[in-house]
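Chains as they are written, first to last, in the working numbering: chain A, 370 to 480; chain B, 95 to 206.
Ideal placement from N, C-alpha and C gives every residue a C-beta, glycine not left out.
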């Protein structure tokens with residue numbers, strides 16, 4: 370069974386630029402999550418989708434972050450404009466019956 | 095606000111030593127509990143989980159965890175660690191109306 374795929378794996382941008390991350394969950398997993406993991410901290414949930422609907426986005430900084438999952442399969446997370454404090458690893462996970470499976474993450478550095 | 099506390103941020107052990115990593119969460123009700131592990135250069139992997147039933151759960155690689163509801167705890171244990179257990183360990187809670195919440199992680203280094 371293929372795992373959760375994410376791209377790119379690494380991204381370096383300057384502040385005020387835009388960036389987008391892509392995630393393809395495990396086939397058949399209806400729930401998809403985006404997390405932000407800052408160095409030295411645990412993952413923090415940004416947004417949770419159930420199929421193509423948003424379950425929770427209470428911790429998503431909506432003035433600059435957006436996410437979509439239009440067809441209920443793959444998803445994109447966008448940051449526009451980026452700030453220095455957005456430097457982190459962005460993790461995508463999908464779940465079946467409550468157990469989450471994580472992708473390799475995208476490491477973002479904002480200069 | 096819901097929170098997950100991992101008491102030990104850095105643990106250094108010699109091979110064959112016993113391991114116990116603490117995890118406490120801040121809210122009641124029905125919760126699902128998880129321990130994830132992240133080996134160097136790899137992504138987060140599920141170590142074990144508790145949804146219901148026997149509060150002592152066994153996971154991969156000889157790890158186990160005990161859910162103590164009265165203490166809001168879900169501590170991770172292994173009787174004899176190996177060098178290959180060097181990794182970052184994360185406790186997580188989800189379920190009910192709670193969004194998935196992770197602790198800040200414990201970095202374990204095992205000396206050969």
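Residue range of the unbroken beta strand (DSSP E) whose run includes residue i
i: residue 390 (chain A); result: 388-393
i: residue 185 (chain B); result: 181-189
i: residue 442 (chain A); result: Here residue 442 (chain A) belongs to no beta strand (DSSP E), and DSSP marks it neither H nor E.
i: residue 114 (chain B); result: 113-115
i: residue 428 (chain A); result: Counting along the chain, residue 428 (chain A) falls outside any beta strand (DSSP E), and DSSP gives it neither H nor E.
i: residue 203 (chain B); result: 200-205
i: residue 469 (chain A); result: 468-471
i: residue 193 (chain B); result: 192-196
Residues that residue i bridges to, as DSSP identifies them
i: residue 447 (chain A); result: A:389, A:435
i: residue 159 (chain B); result: B:151, B:170
i: residue 143 (chain B); result: B:128
i: residue 476 (chain A); result: A:379, A:458
i: residue 402 (chain A); result: A:417, A:462
i: residue 105 (chain B); result: B:202
i: residue 133 (chain B); result: The partner list for residue 133 (chain B) (beta bridge, DSSP) is empty, contrary to what the question assumes.
Any C-beta of chain B under 8 Å from that of residue i
i: residue 475 (chain A); result: no
i: residue 468 (chain A); result: yes
i: residue 414 (chain A); result: yes
i: residue 471 (chain A); result: yes
i: residue 410 (chain A); result: yes
i: residue 425 (chain A); result: yes
i: residue 405 (chain A); result: no
i: residue 419 (chain A); result: no
i: residue 379 (chain A); result: no
Min CB distance residue i to chain A below 8 Å
i: residue 108 (chain B); result: no
i: residue 142 (chain B); result: no
i: residue 188 (chain B); result: yes
i: residue 138 (chain B); result: yes
i: residue 166 (chain B); result: no
i: residue 169 (chain B); result: no
i: residue 126 (chain B); result: yes
i: residue 149 (chain B); result: no
**Asked** Is it a yes or a no for the region 109-123 of chain B touching the region 444-464 of chain A, going by three-plus beta-carbon pairs under 8 Å?
**Response** no
**Request:** Count the C-beta pairs between the region 143-160 of chain B and the region 195-203 of chain B that are closer than 8 Å, then say yes if the count reaches three, no if not.
**Result:** no
**Request:** Report yes or no: do the region 106-114 of chain B and the region 171-189 of chain B share at least 3 C-beta pairs separated by less than 8 Å?
**Result:** yes
**Message:** Taking contact to mean 3 or more Cβ pairs, one atom from each stretch, closer than 8 Å, check whether the region 457-473 of chain A and the region 133-147 of chain B are in contact.
**Reply:** With a cut-off of 8 Å, the region 133-147 of chain B and the region 457-473 of chain A count as touching, because enough Cβ pairs lie within range.
**Prompt:** How about the region 434-447 of chain A and the region 410-419 of chain A: do they share at least three Cβ pairs that are nearer than 8 Å?
**Reply:** yes
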